[in-house]
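Colleague: Numbering (this note's numbering), first residue to last: -17 to 352.
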Ligand code: CTP
Ligand code: MG
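1. Here's the rule: buried if 16 or more other CB atoms are within 10 angstroms of the residue's CB, otherwise exposed. What is residue 139?
2. Can you tell me whether residue 295 is helix, strand or coil according to DSSP?
3. DSSP puts residue 347 in a beta bridge; with which residues?
4. Could you tell me the boundaries of the alpha helix (DSSP H) in which residue 21 lies?
5. Taking its Cβ as the centre, do 16 or more other Cβ atoms sit within 10 Å of residue 244, making it buried, or is it exposed?
6. For the alpha helix (DSSP H) containing residue 274, name the first residue and the last one.
7. Rounding to the nearest angstrom, what Cα-Cα distance links residue 188 and residue 341 in this structure?
8. Taking Cβ positions, are residue 180 and residue 89 nearer each other than 8 Å?
9. Taking contact to mean at least 3 C-beta pairs separated by less than 8 Å, is the segment 220 to 239 in contact with the segment 29 to 37?
10. Flag residue 200 as yes when its Cβ comes closer than 7 Å to any non-hydrogen atom of ligand 1, and as no otherwise.
11. So is the beta-carbon of residue 62 under 7 Å away from any non-hydrogen atom of ligand 2?
12. For residue 250, count the other beta carbons within 10 Å of its own beta carbon; 16 or more makes it buried, fewer makes it exposed. Which is it?
13. Could you say if the segment 320 to 331 and the segment 269 to 278 meet the contact criterion of at least three C-beta pairs nearer than 8 Å?
14. Is DSSP giving residue 108 helix, strand or coil here?
15. Ignore the nearest five residues each way along the sequence and tell me which others in residue 7's own chain have a CB closer than 8 Å to its CB.
16. Could you pull out every residue in the same chain whose Cβ sits closer than 6 Å to the Cβ of residue 268, ignoring the five residues on either side in sequence?
17. Give a yes or no on whether the C-beta atoms belonging to residue 5 and residue 78 are separated by under 8 Å.
18. Ends of the beta strand (DSSP E) at residue 354?
19. Please classify residue 250: does DSSP put it in a helix, a strand, or coil?
20. Take residue 30 and list the residues in its own chain whose beta-carbon comes closer than 6 Å to its own, dropping the five residues that flank it on each side.
21. Bridge partners for residue 141 per DSSP, in chain order?
22. So, is residue 129 buried or exposed, given that buried needs 16 or more other C-beta atoms within 10 angstroms?
23. Have a look at -16, 99, 343 and flag the residue whose alpha-carbon is nearest the alpha-carbon of residue 206.
24. Please specify which runs of the alpha helix (DSSP H), each continuous and at least 4 residues long, are wholly inside the segment 25 to 105, giving them in chain order.
25. Check whether the Cβ atoms of residue 242 and residue 291 lie closer than 8 Å to each other.
26. Near residue 178, what residues of its chain come up, given a Cβ to Cβ distance below 8 Å and the 5 sequence neighbours on each side ignored?
27. Less than 8 Å between the C-beta atoms of residue 166 and residue 66, yes or no?
28. Closer than 7 Å to a non-hydrogen atom of ligand 1 - does that hold for the CB of residue 58?
29. Note down, in chain order, each residue of its chain lying with its Cβ closer than 6 Å to the Cβ of residue 289, except the 5 sequence neighbours on either side.
30. Ordered along the chain, which non-local residues of its own chain (more than five positions away) have a Cβ less than 8 Å from that of residue 228?
31. DSSP three-state label for residue -3, please.
32. Below 7 Å, is the gap between the Cβ of residue 1 and the nearest heavy atom of ligand 2?
33. Can you tell me the Cα-Cα spacing of residue 56 and residue 97, whole angstroms?
34. Please determine whether the Cβ atom of residue -6 lies at a distance below 7 Å from any heavy atom of ligand 1.
35. Cβ-heavy atom distance between residue 82 and ligand 1 below 7 Å?
36. Thinking C-beta only, is residue 42 closer than 8 Å to residue 19?
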């Protein structure tokens, strides 16, 4: 990108009402500032200026230093316009983009479109067609209905020729909510390029809630054990007295073990071997249910809840159909989440076809708690 970029992030976030600057508010795994910087870093602006609240300069500096970009952090002012002015004082390029940190999910294409359009215009904004009907009011009475085909909702980044913006800011006699408004008042023409629905500004607690929808993660697990020649089969936490126990340490419950791996991988916590191996001897020989309970505890501690689990049992025996409902009930109770069970044979192929063992494949879907 040929322009410098001023990221205005000095606002108090009063409407969010969280008592911290809006740019430091967390959305999912990162702060608003970090989300914004993730996009910006990839754009490689030739100069990046972050305008931060005066009393938070160090935190902003520290966060910026974790990104692969060299940024100058400068204190903002009481109004957005003053913050932009403070940032602009450091700009050394002919063109600049001014972007709200609060629009932290603005896609890179919008920045690129604004930057590119600065070749033909001194003032460029991204805009989206208005989909609601807009009415002009006086008090609570409608004066008239505006023709929405002539309207756009304007976003950031807004792009400017630096010299013109500097002059307009120096000569401003009023406070504008965006720089394009200021440029218009100074007699400049503003061009509109296509904005993005993703460039929504985080302003109210409701916006935050919408962005904070739980992120989801999926995991997969497989396990197979062969029948021994004694004992009783334990599969899916149920006993099947007509078949012998499966071999392997513990009760050999390949369904429980596949589900454990699915849950652990979904949460990014490793697998059954790395969690219940030699360094946790208390789990030696533990039942499938004990593994499941401990896995559930770990997954929950990592901030996830189980949305659902699906298991497929692969093998000629046991016949799952008659006990499917019982299996689903038992596993769903153990996980406190819906578990569905399918079964299949292998058409005479492989080690499972002559009833020598039982395999299971499981997938788990987790939701990050907000
Ligand atoms: N901004 C700024 N300096 C100010 C005011 C606002 O840099 N004095 C920045 C904000 O950090 C934000 C953008 O301008 O990225 C848009 O402002 P707004 O959404 O109003 O954010 P806040 O001012 O933080 O929120 P509020 O008005 O609710 O306090
Ligand atoms: Mg504000």
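Where a beta carbon is used, it is the ideal one built from N, C-alpha and C, also for glycine.
Modeller: With the structure as the only source:
1. Classification of residue 139: buried, given that the 10 Å Cβ count is 16 or more.
2. Reduced to three states, the DSSP call for residue 295 is strand.
3. Beta-bridge pairing links residue 347 to 200, 290.
4. Boundaries of the alpha helix (DSSP H) harbouring residue 21: 14 to 25, taken from the DSSP string.
5. Sixteen is the threshold: when 16 or more other Cβ atoms of the shown chains lie within 10 Å of the Cβ of residue 244, as they do, the residue is buried.
6. Where residue 274 is concerned, the enclosing alpha helix (DSSP H) stretches over 270 to 283.
7. When rounded, the distance between both Cα atoms is 46 Å.
8. Here residue 180 is near residue 89, since their CB atoms are less than 8 Å apart.
9. Using a Cβ-Cβ distance cut-off of 8 Å, the segment 220 to 239 and the segment 29 to 37 are not in contact, since fewer than three pairs of beta carbons, one from each stretch, lie closer than that value.
10. No, Cβ of residue 200 sits at least 7 Å from all heavy atoms of ligand 1.
11. For residue 62, the CB falls within less than 7 Å of some heavy atom of ligand 2.
12. So residue 250 counts as exposed.
13. Note that the segment 320 to 331 does not touch the segment 269 to 278; fewer than 3 beta-carbon pairs, one per stretch, sit closer than 8 Å.
14. If DSSP states are grouped into helix, strand and coil, residue 108 belongs with the strands.
15. Same-chain partners within the cutoff: -5, -2, 0, 13, 14, 184, 190.
16. Excluding positions up to five away in sequence, the list reads 232.
17. The criterion of a C-beta distance shorter than 8 Å is not satisfied by residue 5 and residue 78.
18. With the chain covering only -17 through 352, there is no way to say anything about residue 354.
19. Coil.
20. Answer for residue 30: -13, 51, 53, listed in chain order.
21. According to DSSP, residue 141 bridges with 79, 106.
22. Classification of residue 129: exposed, given that the 10 Å Cβ count is below 16.
23. If you compare the alpha carbons of -16, 99, 343 with that of residue 206, the shortest gap goes to 343.
24. If one requires a minimum length of 4 residues, the alpha helix (DSSP H) runs lying completely within the segment 25 to 105 are 39 to 47, 62 to 70, 90 to 99, in chain order.
25. For residue 242 and residue 291, no; Cβs fall outside 8 Å.
26. Cβ neighbours of residue 178 beyond the five flanking positions: 88, 89, 91, 92, 108, 110, 137.
27. No Cβ-Cβ contact shorter than 8 Å links residue 166 with residue 66.
28. For ligand 1, at least one heavy atom lies less than 7 Å from the Cβ of residue 58.
29. Counting only Cβ-Cβ distances below 6 Å, and skipping sequence neighbours, we find 347, 349.
30. Cβ within range, chain order: 207, 208, 209, 210, 215, 216, 217, 234, 235, 236, 339, 340.
31. Correct three-state label for residue -3: coil.
32. Flag unset: Cβ of residue 1 not near ligand 2.
33. Taking the straight line from one Cα to the other gives about 23 Å.
34. At least one heavy atom of ligand 1 lies less than 7 Å from the C-beta of residue -6.
35. Within 7 Å of the C-beta of residue 82 there is at least one heavy atom belonging to ligand 1.
36. Their beta carbons are not under 8 Å apart, which means residue 19 does not touch residue 42 by this criterion.
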